[in-house]
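Residue numbers (the working numbering): 4 to 250. Glycine is no exception: its CB is placed at the ideal position from the N, C-alpha and C atoms.
Dropping the structure here:
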């Protein structure tokens, strides 16, 4: 479904991001994954190569909060492949701190990675996509971007911002043949969720109409669809992949 496409995926070393990387590789894309540290990048690359030595995948670890560092990393991809067809902004951080326990700078830290980092990646990538005649930008939102959450206001605030950014960029960049969409996962079986005790997990499952926690591959399938030609007339959408749970 993505044969010959060049994709950049931030936060691609584990969890949902890793599943997106793998799904794209399985469907013929060439992928550059970004991680927070070189050791996590190397670990992810080794795991992927162990699964299929023929996959064309590489990695980098720019500071996503540093616009110049991101610009340089994006530039390296353009220099290597001549184009970037897909940008997936998946890197992010969650938060559940009660408002009266917030420390100075904590809110800004969440917003910096979950929102500012997207803009840092989008700006140089859009220039490349306009030059080549089009492309696809995908952002990771969350089910709490729709319903909010009872604690940790920075996280849903950042994801509401991701939705607004997605919708607005879709309208602005549509005339340049650049589609912009987001995927809003629900509770997904990542390392964080897997570490929760059974007595916490079961009530969560009971609140999901499909009666199961989502798998990273479920979310990755949404990202695959939106990046593919099957979604050629889809832009400005926030695709919920949450089993109909509305937290």
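Terminal residues of the continuous beta strand (DSSP E) containing residue 77?
-> Residue numbering aside, residue 77 sits at position 74 when the chain shown is read from its first letter. Element bounds for residue 77: not the beta strand (DSSP E) but the alpha helix (DSSP H), 70 to 84.
Alpha-carbon spacing of residue 173 relative to residue 181, whole angstroms | Indexing the chain shown from 1 puts residue 173 at position 170. Indexing the chain shown from 1 puts residue 181 at position 178. So the alpha carbons of these two residues sit roughly 7 Å apart.
For the alpha helix (DSSP H) holding residue 187, just list the boundary residues, first then last.
-> Taking the first residue of the chain shown as position 1, residue 187 is located at position 184. Where residue 187 is concerned, there is no enclosing alpha helix (DSSP H), although the beta strand (DSSP E) it sits in stretches over 181 to 188.
Give every residue of the same chain whose Cβ lies closer than 6 Å to the Cβ of residue 27, excluding the five residues on either side of it in the sequence, and list them in chain order.
-> Position 24 of the chain shown holds residue 27. Once the five neighbours on either side are set aside, the close Cβ partners of residue 27 are 5, 10 and 34.
Would you call the CB atoms of residue 208 and residue 245 closer than 9 Å?
-> Position 205 of the chain shown, counted from the start, is the residue given in the question as residue 208. Position 242 of the chain shown, counted from the start, is the residue given in the question as residue 245. The answer is no: Cβ separation not under 9 Å.
Can you name, in chain order, every residue of its own chain whose Cβ lies under 8 Å from the Cβ of residue 99, other than the five neighbours on each side?
-> Within the chain shown, the letter at position 96 stands for residue 99. The answer, listed in chain order, is 152, 154, 155 and 158.
My understanding is that residue 146 touches residue 243, with C-beta atoms under 8 Å, so please give their C-beta distance in whole angstroms.
-> Start at 1 with the first residue of the chain shown, and residue 146 comes out as number 143. Start at 1 with the first residue of the chain shown, and residue 243 comes out as number 240. Correct: roughly 6 Å between the Cβ atoms.
When the Cα atoms are used, what is the spatial distance from residue 194 to residue 78?
-> Mapped onto the chain shown, residue 194 falls at position 191. Mapped onto the chain shown, residue 78 falls at position 75. Computed Cα separation, rounded: 32 Å.
Just reading off the alpha helix (DSSP H) that residue 118 is part of, what are its end residues?
-> Walking along the chain shown from the start, residue 118 turns up at place 115. First-last for residue 118: undefined, no H or E at that position.
In chain order, which continuous runs of the alpha helix (DSSP H) of length 4 or greater are located wholly inside the stretch 95 to 155?
-> 109 to 114, 120 to 135 and 147 to 150
In this structure, does DSSP put residue 92 in helix, strand or coil?
-> Taking the first residue of the chain shown as position 1, residue 92 is located at position 89. Note: residue 92 maps to strand in three-state DSSP.
List in chain order: all unbroken beta strand (DSSP E) runs of 3+ residues lying wholly within the stretch 7 to 55.
-> 9 to 13 and 33 to 37
Residue 61 - partner residues in DSSP beta bridges | As a first step, residue 61 is located in the chain shown; it is residue number 58 there, counting from the start. DSSP output for residue 61 lists 35 as bridge partner(s).
Bridge partner(s) assigned by DSSP for residue 213 | Numbered from 1 along the chain shown, position 210 holds the residue referred to as residue 213. Here residue 213 is not bridged, per DSSP, to any residue.
Any idea which residues DSSP pairs residue 242 with across the strands?
-> Stepping through the chain shown from its first residue, residue 242 is reached at position 239. Note: residue 242 sits in a beta bridge opposite 186.
On a CA-only basis, which of 213, 31, 218 and 140 is nearest residue 240? Give me that one, please.
-> For the purposes of this step, residue 240 is taken as residue 237 along the chain shown, with counting starting at 1. Cα-wise, what sits closest to residue 240 is 140.
Should residue 51 and residue 25 be called a contact, given that it needs their Cβ atoms to be closer than 9 Å?
-> Translated into the one-based positions of the chain shown, residue 51 becomes position 48. Translated into the one-based positions of the chain shown, residue 25 becomes position 22. Yes. Within cutoff.
Select from 197, 230 and 206 the residue whose C-alpha is nearest the C-alpha of residue 218.
-> Within the chain shown, residue 218 is the residue found at index 215, counting from 1. Taking only the C-alpha atoms, the option nearest residue 218 is 197.
If you follow the alpha helix (DSSP H) that residue 219 is part of, which residue opens it and which one closes it?
-> Looking up residue 219 in the chain shown gives position 216. 219 to 230 is the span of the alpha helix (DSSP H), which, as asked, contains residue 219.
Residue 165 and residue 121 look like a contact to me (Cβ under 8 Å); what is the Cβ gap, rounded to whole Å?
-> Position 162 of the chain shown, counting from 1, holds the residue named residue 165. Position 118 of the chain shown, counting from 1, holds the residue named residue 121. That pair is a contact at about 7 Å.
Are three or more beta carbon pairs between the stretch 126 to 134 and the stretch 82 to 99 nearer than 8 Å?
-> yes
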